[in-house]
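Undergrad: Using the numbering used here, the first residue of the sequence shown is number 2, and each one after it goes up by one. Built from N, CA and C at the ideal position, the CB exists for glycine as well.
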Amino acid sequence: MTDSPISRRTLVKKGGAVAAGLSVLRVAGPTAAFQTPTAGEVIPWLDQPEPNPVPDVIVRQLTWEELDSWLTPPDQFFVIKHFDEPELNEADWQLEIGGLVNQPMTLTLADLKARPRQEVAFTIECSGNSAFPFNKGLVGNAIWGGTPLAPLLEEAGVLDDGIEVVFWGADSGEMTWRDEITITEQFARSMSLTDALSPDNLLAYEMDGADLPNLHGYPVRLIAPGWYGIANVKWLTRIEVLDRRYQGHFMARDYVTIREEERDGQTLWTFTSVGRARLKSAPAKVTRQGDSYSIMGAAWGAPISGVEVQIDDGAWQPATLTEGDGSGYTWVFWTLDWDAPTAGEHTITSRAIDMDGNVQPAADDPLLTGKSTYWESNGQITRHVRID
Ligand SMILES: Nc1nc2c(c(=O)[nH]1)N[C@H]1C(S)=C(S)[C@@H](COP(=O)(O)O)O[C@H]1N2
Ligand SMILES: [Mo]
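#1: DSSP state of Gln95, grouped into three classes?
#2: Touching or not, the region 173 to 187 and the region 79 to 95, by the rule of three or more beta carbon pairs under 8 angstroms?
#3: Does the Cβ of Ile259 have 16 or more other Cβ atoms within 10 Å, making it buried, or fewer, making it exposed?
#4: Check for me: the alpha helix (DSSP H) holding Asp162 runs from which residue to which?
#5: Is Phe123 near ligand 1 - that is, is its Cβ less than 6 angstroms away from at least one heavy atom of it?
#6: Please list the terminal residues of the continuous alpha helix (DSSP H) segment that includes Thr370.
#7: Comparing C-alpha positions only, which one of Arg246, Ile224, Ser306 sits nearest to Val167?
#8: Using the Cβ count rule (16 or more neighbours within 10 Å means buried), how would you classify Gly1?
#9: Is Trp393 helix, strand or coil when you go by DSSP?
#10: Nearest to Leu368 by CA position, among Asn53, Phe123, Trp270, is which residue?
#11: Flag Ile382 as yes when its Cβ comes closer than 6 angstroms to any non-hydrogen atom of ligand 2, and as no otherwise.
#12: According to DSSP, is Trp376 helix, strand or coil?
#13: In whole angstroms, what is the alpha-carbon distance linking Glu97 and Arg239?
#14: Buried or exposed, going by whether 16 or more other CB atoms sit within 10 Å of the CB of Leu89?
#15: Could you say which of Ala363, Ser328, Glu309 lies nearest to Leu337 if we only look at CA atoms?
#16: Return yes when at least one heavy atom of ligand 1 lies under 6 angstroms from the C-beta of Phe79, else no.
#17: Using DSSP bridges, identify the partner residues of Gly307.
#18: Between Gln104 and Glu155, what straight-line distance do the alpha-carbon atoms span, to the nearest angstrom?
#19: So for His83, helix, strand or coil by DSSP?
#20: Could you work out which residue in Phe188, Glu126, Gly100, Asn130 is closest to Val159 when comparing CA atoms only?
#21: Classify Phe251 as helix, strand or coil using the three-state DSSP reduction.
#22: Rounded to whole angstroms, what is the Cα-Cα separation between Ile354 and Thr148?
Spelled out as structure tokens, the structure:
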């Protein structure tokens, strides 16, 4: 390290970037009644998640009542795995970049770590979250560290015909198509070349500063901020550029949203692959301190400008945003004081509003009721609580 003004400036700049990434900034005034949004005794929801019928797929979920840090502790971070859990090791692992590129590449973990390191705080949500009574907690927030994808694709030199980038994981499972063809398909998801070249996409090898835990994709996963969980391919082994759309199981068969829409009085069914995150919020918990009650929750899926809360059939009340980083990639925490609730059962519903003024849809919005698949269920969530 030298004392030259340039390196000092760089240091300050780096320090600032790290601080911005690691610390959470207040995006609104201080909360009125409590020092932290989580102080006090938690009153558990009456509508607890039902038993998980697919423990091999939904390995872990967030318990909303336990939410008290903006970064989700790894042991509370939800896990989804559709196939087996690969056990990759650094010595054998390598990443291939191929297909329609000038210069195919083979990279080791050391090669990736030798490249520029970048961090992004990103709240991942599974697009199936809150679609069923057993999956209320498929969302979590972490700081992901790795190397940006775009410069690697540029170095490999995508050929003119290349329009699509496929990301393959090491996990695979048996798939039968049209009752006739049974194959072992590797987990894969794709993106358009334009989307893949987003400067925020990372080949991530760290979660909150430590190696990726195995269940989160060790040694390397794609982190595509702003996309639903499914795009963030874990246990990544191969990236390939194609001259056509990729139609693997998780692009074209599963994680497809089917909607019934009206066009000029006619019914039209649309089929779209699950893509970018959607505006959403959830009440996390009700807490009590003496006679004072407070509701706290989270909002994510877009840059959040506000959250409103409805208690029973009352008016929508603006909540106070307490923590967030303003990036639009992470969740924002909110609180609302609940003055003198009456004894008995109550419902609590939240709705997020984004910077463009869009409001999270009600559960009975035609956009959601016209949907026959459960993916992308970003409707308002109502929780039930009893005050004694
Ligand atoms: N290789 C691979 N990547 C995957 C999956 C998977 O089953 N295999 N599941 C996807 C889904 S559906 C989600 S919601 C996220 C979940 O990420 P997490 O388990 O790290 O929370 O990973 C995605 N990436
Ligand atoms: Mo998912």
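TA: Straight from the coordinates:
#1: It is coil, neither helix nor strand.
#2: Touching, yes, given that three or more Cβ pairs across the two stretches are closer than 8 angstroms.
#3: exposed
#4: Segment: none, Asp162 is in no alpha helix (DSSP H) and carries neither H nor E.
#5: no
#6: 367 to 370
#7: Arg246
#8: As shown, the chain starts at 2 and ends at 389. That puts residue 1 outside it, with no answer to give.
#9: What is shown of the chain runs 2 to 389, which leaves residue 393 out entirely.
#10: Trp270
#11: No, since every heavy atom of ligand 2 falls outside the 6 angstroms radius drawn around the Cβ of Ile382.
#12: coil
#13: 5 angstroms
#14: By the 16-neighbour rule on beta-carbons within 10 angstroms, Leu89 is buried.
#15: Glu309
#16: yes
#17: Ile354
#18: Gln104 and Glu155 have their alpha carbons spaced roughly 10 angstroms apart.
#19: coil
#20: Gly100
#21: helix
#22: 32 angstroms
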